[in-house]
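If you use numbering that gives the first Met the number 0, the sequence shown closes out at 343, no skipped numbers anywhere. Positions of the beta carbon are idealized from the N, C-alpha and C atoms, including for glycine. Predicted model only: the values in this text are computed from it and were never measured. Encoded as structure tokens, the structure appears first; notes follow it.
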Amino acid sequence: MKTLLLKDNEQDILKAAEILKNGGLVGMPTETVYGLGANALNPQAVAKIFKAKGRPMDNPLIVHISCFEDIEKFNLVSEIPDKAKILAENFWPGPITVILKKGSLVPDEVSAGLDTVAIRYPNHKTANKLIKMAELPIAAPSANLSGSPSPTTAQHVINDLNGRIDAVIDGGICDVGLESTVITLAQDPPKLLRPGGITLEMLESVIGKVLVDNAVLNKLEDNAKPASPGMKYKHYSPKANVIILKANDEDFVDFINCNKSEEIAAICYDEDTAKLNVKKYSLGKKEDLEKHAHNLFEILREIDLNKTIKTVYSRCPETKGVGMAVYNRLIRAAGFEVKNLEKS
Ligand code: TXA
Ligand code: MG
Numbered sequence: 000m001k002t003l004l005l006k007d008n009e010q011d012i013l014k015a016a017e018i019l020k021n022g023g024l025v026g027m028p029t030e031t032v033y034g035l036g037a038n039a040l041n042p043q044a045v046a047k048i049f050k051a052k053g054r055p056m057d058n059p060l061i062v063h064i065s066c067f068e069d070i071e072k073f074n075l076v077s078e079i080p081d082k083a084k085i086l087a088e089n090f091w092p093g094p095i096t097v098i099l100k101k102g103s104l105v106p107d108e109v110s111a112g113l114d115t116v117a118i119r120y121p122n123h124k125t126a127n128k129l130i131k132m133a134e135l136p137i138a139a140p141s142a143n144l145s146g147s148p149s150p151t152t153a154q155h156v157i158n159d160l161n162g163r164i165d166a167v168i169d170g171g172i173c174d175v176g177l178e179s180t181v182i183t184l185a186q187d188p189p190k191l192l193r194p195g196g197i198t199l200e201m202l203e204s205v206i207g208k209v210l211v212d213n214a215v216l217n218k219l220e221d222n223a224k225p226a227s228p229g230m231k232y233k234h235y236s237p238k239a240n241v242i243i244l245k246a247n248d249e250d251f252v253d254f255i256n257c258n259k260s261e262e263i264a265a266i267c268y269d270e271d272t273a274k275l276n277v278k279k280y281s282l283g284k285k286e287d288l289e290k291h292a293h294n295l296f297e298i299l300r301e302i303d304l305n306k307t308i309k310t311v312y313s314r315c316p317e318t319k320g321v322g323m324a325v326y327n328r329l330i331r332a333a334g335f336e337v338k339n340l341e342k343s
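What follows is the structure in structure tokens.
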């Protein structure tokens, strides 16, 4: 199959909408990461997503809509709890996915057999236009091969999926850079399943107590069943061995410099770069957590392009605000390997 590279204009978005209506796959920009879209109501189209990505069939997909009313229009859920309305009023369109009890029209392929469905109303004009023009709810996971970092540019999508999907729309670099926050309202109190751009603090400020799933910050036992199936897979992992270094500013730099070698690199902050003697990739200024989120996946992909790097030592993000999302992704890239230099 030849993958069309489409532009972010009316005519090309219309072309993409036609592909979706005909059961094809389209890579689409969103404010978080690029998604790989298909008609969420067509089981055959949805099955193609799993095949193109090499995604395990037990990992459910997010259904994307272009207005709140789409939820009822397409019968996506069986009930809309008040807290869902509050989240929608405060954060939609935006980088948050809400899990609700599934409606009867959602195919089992989308929900991977669960009785719930994940819904997201993205805040990206191209994604919204595409969904509107297709007149369909769009099932879309991140548009990467399963196991590699989520794509934040159309080129990343091409690198992973060229020849496996019908088209990708080039809408430039994604703003947030990390996937959406996932919260389930299928239980009360609600539970955060995946941290993202809408932080735990922001959620609790509008709906009160939110539990945090154990898999967000910790490694699951080998046969534990996570609330969000995606959490059990080793994700976002570059070929080099990533190790998180829990250390103060000085010890972080000293530890790396005394291990100096061509094969070692650092994921650091702007403040560290001049002091480090190895190849370095900066997440941004130490305090700029949004920037860290924006840069992380790009850095992981860049590291993958460098064949000499064998070990990458990374700063340990704080787990407050958007930092929780950065930590959640980085700890998976590191296969949960943390070296603690703070222990006395
Ligand atoms: O920002 C995003 O969310 C991007 C863009 C494209 O919208 N999408 C994305 O999709 O990251 P994906 O498939 O890579 O991640 C969806 C996560 C997975 O961890 C999956 O297990 C979880 O959401 N999920 C989906 N439906 C679920 C459900 N019904 N119950 C629990 N977890 C669910
Ligand atoms: Mg993904």
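- prompt: Just to confirm, are N327 and L184 a CB contact at a threshold of 9 Å?
  reply: Pairing N327 with L184 gives a Cβ-Cβ distance that is not under 9 Å.
task: Determine the extent of the beta strand (DSSP E) in which L244 is found, giving its start and end residues.
output: N240 to K245
message: Looking at the strands, I want to know which residues DSSP matches up with R314.
response: L244
task: Please report how far the alpha carbon of N38 lies from the alpha carbon of I12, in whole angstroms.
output: 15 Å
task: Compute the distance between the beta-carbons of L19 and I164, then report whether it is under 9 Å.
output: At least 9 Å separates the beta-carbon of L19 from that of I164.
Any heavy atom of the ligand MG within less than 7 Å of residue CB: hits in chain order: P140, S141, N143, S149, E178 and G229
task: Examine the ligand TXA and report whether any of its heavy atoms sits within less than 8 Å of the Cβ of A44.
output: no
E249, buried or exposed, once every other Cβ within 10 Å from all chains shown has been counted against 16: Exposed: under 16 other Cβ atoms inside 10 Å.
query: Going by the beta-carbon positions, is the gap between A142 and S149 smaller than 9 Å?
result: Yes, Cβ-Cβ distance for A142 and S149 is below 9 Å.
query: Does DSSP put V105 in a helix, in a strand, or in coil?
result: coil
query: Around the C-beta of N161, are 16 or more other C-beta atoms found within 10 angstroms, so that it is buried, or is it exposed?
result: exposed
- request: Could you tell me the distance, in whole angstroms, from the CA atom of V116 to the CA atom of T198?
  value: 21 Å
- prompt: If you compare alpha carbons, which of K100, D287 and L295 is closest to Y280?
  reply: When each option's Cα is compared against that of Y280, the closest is L295.
query: Are L340 and N258 touching if we call contact CB-CB under 9 Å?
result: no
message: I need the DSSP call for M56, collapsed to helix, strand or coil.
response: coil
message: Is the separation between the beta-carbon of T31 and that of P121 shorter than 9 Å?
response: Cβ atoms of T31 and P121: closer than 9 Å.
task: Would you check if the distance between the CB atom of N256 and the CB atom of T310 is smaller than 9 Å?
output: In this structure, T310 does not lie closer than 9 Å to N256 by Cβ.
message: Rounding to the nearest angstrom, what Cα-Cα distance links P334 and G22 in this structure?
response: The sequence given here places Gly at residue 334; Pro does not occur at that position. Taking the straight line joining both Cα atoms gives about 36 Å.
field: Rounded distance between the beta-carbons of G34 and P140, thought under 8 Å
entry: 7 Å
- prompt: Since N5 and A166 are thought to touch, with beta carbons under 8 Å apart, how far apart are those beta carbons, to the nearest angstrom?
  reply: Strictly speaking, residue 5 in this sequence is Leu, with Asn absent from that position. Contact flag correct, Cβ pair sits at about 5 Å.
- prompt: So does the segment 201–209 actually touch the segment 221–228, counting three or more Cβ pairs closer than 8 Å?
  reply: no
- prompt: Are the segment 48–68 and the segment 95–111 touching by the rule of at least three beta carbon pairs closer than 8 Å?
  reply: yes
message: Does the distance between the C-beta of T183 and the nearest non-hydrogen atom of the ligand TXA fall short of 8 Å?
response: yes
query: Just the Cα atoms here: how many angstroms apart are E270 and G320?
result: 21 Å
message: Among the candidates K124, V181 and R193, whose CA atom is the shortest distance from the CA of D174?
response: K124
task: Check the DSSP bridge columns for R163 and list the partner residues they point to.
output: R163 is not bridged to any residue.
query: Can you find a heavy atom of the ligand TXA that lies under 8 Å from the Cβ of R344?
result: This structure cannot speak to residue 344, because the chain is shown only from 0 to 343.
First through last residue of the alpha helix (DSSP H) which encompasses A15: E9 to K20
- request: In angstroms with no decimal places, state the Cα-to-Cα distance between A15 and N127.
  value: 12 Å
- prompt: In three-state DSSP terms, what is N158?
  reply: helix
task: Rank T180, Q186, E200 and M201 by C-alpha distance to the C-alpha of L192 and give the top, closest one.
output: When only C-alpha atoms are compared, the closest one is T180.
message: Using a Cβ-based criterion (distance less than 8 Å to any ligand heavy atom), does T2 qualify as near the ligand TXA?
response: no
task: Would you grab the beta carbon distance between G196 and L177 for me? Rounded to a whole angstrom, and I think it's under 8 Å.
output: 7 Å
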